[in-house]
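Trainee: Questions regarding the structure given below will be posed in turn.
2 protein chains.
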Amino acid sequence: MDAYEAVFTALAHPVRRRILLTMNFEGGSMSAGAIAEMFEHAWPTTTRHVQVLESAGLLRHERQGRSRVYHIERKRLELVRDWLDWFSKVPY
Amino acid sequence: MDAYEAVFTALAHPVRRRILLTMNFEGGSMSAGAIAEMFEHAWPTTTRHVQVLESAGLLRHERQGRSRVYHIERKRLELVRDWLDWFSKVPY
DNA sequence: CCACTATTTAGCGTGTATGCTAAATGTCAG
DNA sequence: CTGACATTTAGCATACACGCTAAATAGTGG
Chain S
154 MDAYEAVFTA LAHPVRRRIL LTMNFEGGSM SAGAIAEMFE HAWPTTTRHV
204 QVLESAGLLR HERQGRSRVY HIERKRLELV RDWLDWFSKV PY
Chain R
154 MDAYEAVFTA LAHPVRRRIL LTMNFEGGSM SAGAIAEMFE HAWPTTTRHV
204 QVLESAGLLR HERQGRSRVY HIERKRLELV RDWLDWFSKV PY
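In order, the protein sequences belong to chains S and R. Following my numbering, the numbering of the first sequence begins with 154 at its first residue and continues without gaps. Following my numbering, the numbering of the second sequence begins with 154 at its first residue and continues without gaps.
Set out below in structure tokens:
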């Protein structure tokens, strides 16, 4: 699965977009628990969404004591912008 | 289904992204047949991909004789850029 | 070590996406 | 009007995404 594929697939689900937006708004980092609390979903459901984001390179995580802190990878989102740029360049 | 949902879902499939890129490269318009020829898929498969793009507002079509010509809606792609812009604005 | 907290992994059900083939629709050419 | 062309609609199979619950893992505090 190439990078575009992974990133666009990850962004396709509203829950995953909301995770990114909220994390960004919160400064770029949130614990797994804080992320899970945003939703009425069962925790494992959110865990999987987070994993999709992470394997797309849009998040990474770090252990802090007994909790896991996820960090947003803003650079990775640039991939989307790069893709969009093709449509601004007028073809010849 | 809101606009973001529709657009991001439409962009999630590689075939659909390729349709958009190729149409853009070709100047913004292509007949249904020309689009279908890009792929080894059966025509109806491509037809459905095109419909997903159209119902997301990323394409529109027009009849021209016995063929249908699809046009890319570049403006609609700006929605994605708008969404991405949230990540450039540093939160306070 | 035990109990508790934080979170993931495993495994299952269901609905939707995506591929196919066959049939229908619409348009033009003679 | 008829036949051929261009394309879609209908309907079916299969795979995967996404929800759930139950169990496992990892770290902390006493």
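Just so you know, even glycine gets a beta-carbon here, dropped at the ideal spot from N, CA and C. None of the values given here were measured: they were computed from a predicted structure.
Can you pull the chain S neighbours of Arg170 of chain R, defined as C-beta to C-beta under 8 Å?
Mentor: Ordered by position in chain S, the residues that pass the 8 Å Cβ test against Arg170 of chain R are Tyr157, Phe161 and Trp236.
Trainee: Could you give the DSSP three-state label for Arg219 of chain S: helix, strand or coil?
Mentor: Of the three classes helix, strand and coil, the one that applies to Arg219 of chain S here is coil, per DSSP.
Trainee: When the cut-off is 8 Å and only beta carbons count, does Leu230 of chain S lie next to chain R?
Mentor: It does; some Cβ of chain R falls within 8 Å.
Trainee: Helix or strand or just coil, what does DSSP make of Met176 of chain R?
Mentor: Helix, per DSSP.
Trainee: Count Cβ pairs between the stretch 164–173 of chain R and the stretch 200–207 of chain R that sit closer than 8 Å; are there 3 or more?
Mentor: Contact holds: three or more Cβ-Cβ distances are below 8 Å.
Trainee: Does any residue of chain R have a CB that is nearer than 8 Å to the CB of Arg216 of chain S?
Mentor: It does not: the Cβ of Arg216 of chain S has no partner Cβ on chain R nearer than 8 Å.
Trainee: State the Cα-Cα distance for the pair Leu173 of chain R and Glu190 of chain S, rounded to the nearest angstrom.
Mentor: Going by the C-alpha atoms only, they are around 37 Å apart.
Trainee: How is Leu232 of chain S classed by DSSP in three states: helix, strand or coil?
Mentor: The answer is helix: DSSP assigns Leu232 of chain S an H, G or I state.
Trainee: Would you call the stretch 179–189 of chain R in contact with the stretch 225–232 of chain S, where contact means no fewer than 3 C-beta pairs closer than 8 Å?
Mentor: With the cut-off at 8 Å, the stretch 179–189 of chain R and the stretch 225–232 of chain S do not touch.
Trainee: Can you tell me which of S:Phe161, S:Val160, S:His214 and S:Ala156 puts its alpha carbon nearest to the alpha carbon of Ile225 of chain S?
Mentor: Looking at the Cα atoms, S:His214 is the closest of the given residues.
Trainee: Could you give the DSSP three-state label for His202 of chain R: helix, strand or coil?
Mentor: Correct three-state label for His202 of chain R: helix.
Trainee: So that I know if they touch, is there some Cβ in chain R lying closer than 8 Å to that of Ala189 of chain S?
Mentor: So, not an interface residue.
Trainee: According to the Cβ coordinates, are Gly210 of chain S and Ala165 of chain S closer than 8 Å?
Mentor: No; because the gap between Cβ atoms is not below 8 Å, this pair is not in contact.
Trainee: I'd like to know if Arg227 of chain S contacts chain R, where contact means its C-beta is closer than 8 Å to some C-beta of that chain.
Mentor: Judged by the 8 Å Cβ criterion, Arg227 of chain S is in contact with chain R.
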